[in-house]
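Residue numbering for the sequence shown follows the working numbering, starting at -19 and increasing by one per position. Don't be surprised by glycine CBs; every beta carbon is placed ideally from N, CA and C. What follows is a single structure, written as structure tokens, with notes after it.
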Amino acid sequence: MTTVAARLGRFVERASFEDLSQPAREALKIRVLDSLGCAIGALGAQPVRAVRGHIDDFARSGPSTLIGGGTASPDLAALHNGALVRYLDFNDSYLAPGESCHPSDNLGAVLAAAELRGTTGRDLMTALAVSYQVQCRLSDAAPVRARGFDHTVQGAYGAAAGVAKALGLDAQRTAHALAIAGASLNGLRVTRTGRLSHWKGLAAPFAAAGATQAAFLAMRGVTGPLEVFEGKKGFFETIAGPAHIAWEDEDLERVRGTALKRYNAEVHAQSAVEGLLELRARHGLLPDEVASIELDTFAVAFHIIGGGEEGDKTRVATKEEADHSLPYMLAAAMLDGKLTPEQYVPERIARDDVQALLRRVRVTMHDAYSARFPAEVPCRVSVVRRDGSTVSLEKRDYLGYPTRPMPWSEVFEKFRLTANDRADDALLAGIAGVVEGLEDAPLSRLTGLLGRAGAVPGWHIDERRSPS
């Protein structure tokens, strides 16, 4: 019987740029631009500095460009650039009924492998689309969150598939790459429960770096357990439960179902933040007149960021805790009228005004909203004034969700605002221009520009972006 890994390997091998519809190509370029803005904006953040310090101490050179300057081996470039994409937690997301993930976590790994091979932007897009498809479809069919595993489990398969495609591996070697990665990179959900650590932002790049190593080992003939999915003690039996995907019939369109973030907030908070800011503007609400904020939301949002199964969200002291706390995010948005990386600097998190207001945010799970998820991300947000009056607003989605796609112009503005203190306007315009015509550009044009981002040489560090 043909293994699942073998069938998936054949899917990866046969995938081509021509399989991408024009809307999928445009969606993919938008997500590349969005991810690069997140990456450039994170230059100098403390956890990424730690990764960079490790590379500088032990592996200063290699064939793959580091965003912000320098080079490294492909696996370390995957770790570093992936950490940049993820650190702000401002990159894209995919919501399945039992899982959520960030498919752009694969960009660092795929970019490193594609650059090594000297491919074109068209080849990068194809390999990245493969990563999106594999990770998203596994999230659909084989969710692991309820069993205590992290979404980086499916991410490891997605990264291995994308790197294998970027390297031009045949179906057999791709299957072994998937098998090595899948047998070895099974993260635990504890990464995102309780008191959150730096690992919340580094777990996915770490898995992608491991998957990159798996693909390179498979390229050299190292074999892996090809029954990784259906075999005894394999993925289905021990982690996900039984699942089936007809890889023979898969396309490369899943990227169109991913969501961009309008606000620097966990994805399940986006509609609530948008609704609160709309209420604030519509009614001229002043922070001093707010007695409390009340949110009815769907189950996943409640359990992950609202104080449900994954822990209390009113103890907030670090950036990692703040961007996974609905009480903090709503309080900060109410006070500041926005939710950007500025709201996650240590001194903002520690201020009495936000610490007091977040304890007056009440989050409630609403069964009817839960039933509409993930086709929608519905909620009702209400602000109770100190005079006893209440204003409310119901949302079904937000700008950036697949039901309300964010156009290139909006994404470019987000890219510019997120990255503008790490690159000048000319460099940002140059990067955006290459990405807009990525299918016709040599990849070296993009990596050359990315190497100039940040204050390099000198590696300028803005300590305000570092968590306490």
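Would you kindly work out how many angstroms separate the C-alpha atoms of residue i and residue j, rounded to a whole number?
| i | j | result |
| --- | --- | --- |
| A223 | K212 | 15 angstroms |
| A89 | T132 | 14 angstroms |
| L23 | L64 | 7 angstroms |
| N400 | G214 | 46 angstroms |
| I411 | L338 | 38 angstroms |
| V(-8) | L118 | 14 angstroms |
| P437 | L265 | Bear in mind that the predicted position of P437 carries a pLDDT of just 37, short of 50, making it unreliable; the figure below should be weighed with that in mind. Going from the Cα of P437 to the Cα of L265 covers about 46 angstroms. |
| A239 | E416 | 19 angstroms |
| R175 | H248 | 19 angstroms |
| H283 | T427 | 39 angstroms |
| R260 | L407 | 35 angstroms |
| A139 | N86 | 5 angstroms |
| M314 | Q152 | 54 angstroms |
| D420 | P3 | 16 angstroms |
| G135 | G190 | 11 angstroms |
| V114 | A(-14) | 14 angstroms |
Which residues in the same chain as residue i place their Cβ atom closer than 6 angstroms to its Cβ, once the five residues preceding and following it in sequence are excluded?
| i | result |
| --- | --- |
| G255 | V361, L373 and K375 |
| P43 | L96 |
| R425 | V414 |
Could you tell me which residues DSSP pairs with residue i in its beta bridges?
| i | result |
| --- | --- |
| I273 | V341 and V363 |
| S1 | Its beta-bridge partners do not exist; DSSP assigns none. |
| T370 | V364 |
| C81 | Y74 |
| L46 | Looking at the DSSP assignment, L46 forms no beta bridge with any residue, so it has no partner. |
| A52 | S44 |
| K375 | C359 |
| P422 | T100 |
State buried or exposed for residue i, treating a residue as buried only when at least 16 other CB atoms are found within 10 Å of its CB.
| i | result |
| --- | --- |
| K318 | exposed |
| G50 | buried |
| S1 | exposed |
| R127 | exposed |
| T203 | exposed |
| R242 | buried |
| S84 | buried |
| E301 | buried |
| F38 | exposed |
| E449 | Only positions -19 to 448 of the chain appear in the structure, and residue 449 is not among them; the question remains open. |
| T218 | exposed |
| P358 | buried |
| D130 | buried |
| S449 | Any property of residue 449 remains undetermined from this structure, which presents the chain solely from -19 to 448. |
| M199 | buried |
Within the same chain, show all residues whose beta-carbon is closer than 8 angstroms to that of residue i, passing over the 5 residues directly before and after it, in chain order.
| i | result |
| --- | --- |
| P450 | With the chain covering -19 to 448 only, the question about residue 450 has no answer from this structure. |
| P321 | G21, L68, F70, N244, T398 and R445 |
Skipping 5 residues on each side, what residues in its chain have a beta carbon closer than 7 angstroms to that of residue i?
| i | result |
| --- | --- |
| V449 | Because residue 449 is not part of the residues shown, which for the chain are -19 to 448, the question remains open. |
| S(-4) | T106 |
| F216 | F209, E210, P222 and A223 |
| V(-16) | F209 and E210 |
| R32 | H60 |
### Query
Counting pairs of Cβ atoms below 8 angstroms between the stretch 133 to 144 and the stretch 101 to 118, do you hit three or more?
yes
### Query
Can you find at least 3 beta carbon pairs, one from the stretch 161 to 171 and one from the stretch 6 to 22, that sit closer than 8 angstroms?
no
### Message
So, does the stretch 278 to 292 touch the stretch 380 to 392, judging by three or more C-beta pairs under 8 angstroms?
### Response
no
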